Amino acid sequence: MPASSLKVSALTGKHNYFEDFTVGDVMKHARGKTVEPMEQVWITNVTMNTAEAHFNEHLTQSTPYGQRLGFGGVTISMCIGLAAEDTAENALMELGMDKIRLKGPLHHGDTLYCYTEVLEKKDAKQDDAGIVRFKHYGVNQDDKNIVEGERTVLIKRRSHWGDK
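Residue numbering for the sequence shown follows the numbering used here, starting at 1 and increasing by one per position.
This is the structure in structure tokens:
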């Protein structure tokens, strides 16, 4: 079938439209992501973050952390990215992120896993979508809470966008 004749709904998940989310549900996302030193140091340098704990191994060996730390901005982004397949494939717009808390260190070489709780659902001004507020949690390989935050997303309604 030529790509031009494919419906967009054929390319996204079938269970992540507005109607599919239920307040109180908690999802464990399928993938984890190991923090690579290259990506962490590169983003730290590109964003002009001068906190040496992200890129100076010698310095951080003498701190209570003992090794370089992942940059919090990347940690937050990784958690949102790991959750995206389940929570944002049918998103029309990101409306906001708040209450973001970095709860513990994520070191180079650690692996991040993420969970999402559905906090709230409400109608949007437009008929073809609804608003969902999620709470995302990121834990490391030892199940220690590393990051959490809330995210509000405008999500397509199956009744307007899905296969009929």
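For glycine and all other residues, C-beta sits at the position ideal for the given N, C-alpha and C.
These numbers were taken from a predicted model, which means no experiment stands behind them.
Residue burial is scored here from C-beta neighbours: residue 51 has fewer than 16 other C-beta atoms within 10 angstroms and is therefore classed as exposed.
Under the DSSP definition of a beta bridge, residue 116 partners with 27, 136.
The shortest C-alpha to C-alpha distance from residue 150 to any of 133, 63, 41 is the one to 133.
Inter-segment contact for the segment 97 to 104 and the segment 36 to 46 is absent: fewer than three beta-carbon pairs are separated by less than 8 Å. Residues 100, 147, 149 of the same chain have their beta carbon placed closer than 7 Å to that of residue 76, with the five preceding and five following residues left out of the count. The beta carbon of residue 90 sits closer than 6 Å to those of 12, 16, 17, 155, 156, all from its chain and outside the five residues before and after it, given in chain order. One alpha carbon belongs to residue 31, the other to residue 111, and they sit about 10 Å apart. Note that the C-beta distance between residue 68 and residue 53 is below 8 Å. In the DSSP assignment, residue 145 falls within the unbroken beta strand (DSSP E) covering 145 to 156. Per DSSP, residue 98 is one residue of the beta strand (DSSP E) stretching across 91 to 102. Our two residues, residue 48 and residue 29, have alpha carbons roughly 31 Å apart in a direct line.
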